[in-house]
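Take 11 as the starting number for the sequence shown in our numbering and just add one per residue. We put the beta carbon where it would ideally sit given N, CA and C, even for glycine. Notes follow the structure.
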Amino acid sequence: MSRLAAPFGTLVAAGAAFAFVGAVDPGEPGHYPVCPLLYFTGIYCPGCGGLRSAHAVAHGDFGTALGMNALAVASFAAFAVFIVFWVVQVLRSRPVTVPLRTSHWWALGVLALAFTVVRNFPLGAALAP
């Protein structure tokens, strides 16, 4: 079972991070650093609201989590799916590979850019934290 150490260690680390963010409210000033892009420009980056989203997920409030940062919630879900995939592959004694091509990375970048642009205009105000 030592082959499960890496996926379970990763899961424990992610769980500890969520537990910390769940215990220390990012909505209260002074606990976490301010987003430099938001501070200097007033523009929401793709990660703005991510900690508050994680805090809401840790408390089971998925509606608030989506309202704070839908992209972060999608990333949390993708991470959970990957952990399950990783454990299944390890249990089947198969190599763990995620065949992401350059086009996939470009698509993720375009998605993050589109999310950033839309959430900073009045039309996409529902995507702003």
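By alpha-carbon positions, which one of Ala-87, Ile-53, Phe-72, Pro-105 ends up nearest to Phe-125? Ile-53
Assigned secondary structure, Leu-137 (DSSP; H/G/I helix, E/B strand, else coil): helix
Look up Gly-70 in the DSSP assignment and say whether it is helix, strand or coil. coil
I want to know whether the segment 46-63 touches the segment 77-86 - three or more CB-CB distances under 8 Å. Yes: at least three Cβ pairs fall under 8 Å.
With H, G and I counted as helix, E and B as strand and the rest as coil, what does DSSP make of Pro-39? In this structure, Pro-39 counts as coil in the three-state DSSP scheme.
C-beta atoms of Val-97 and Pro-46 nearer than 8 Å: When the beta-carbon positions are compared, Val-97 and Pro-46 stay at least 8 Å from each other.
How big is the Cα-Cα spacing for Ala-117 and Ala-26? Cα to Cα, the separation comes out at about 30 Å.
Can you give me the start and stop residues for the alpha helix (DSSP H) that Gly-25 sits inside? 15-33
Residue-chain proximity (Gly-77, chain C), Cβ-Cβ < 8 Å: In the structure shown, chain C does not exist; there is a single protein chain.
Assuming contact is defined by CB atoms lying nearer than 8 Å, are Val-31 and His-65 in contact in what I supplied? Closer than 8 Å, so yes.
By the three-class DSSP mapping on this structure, what secondary structure does Val-83 have? Annotated three-state conformation of Val-83 is helix, per DSSP.
Quick check on the DSSP output: the alpha helix (DSSP H) that includes Ser-113 runs from which residue to which? 112-129
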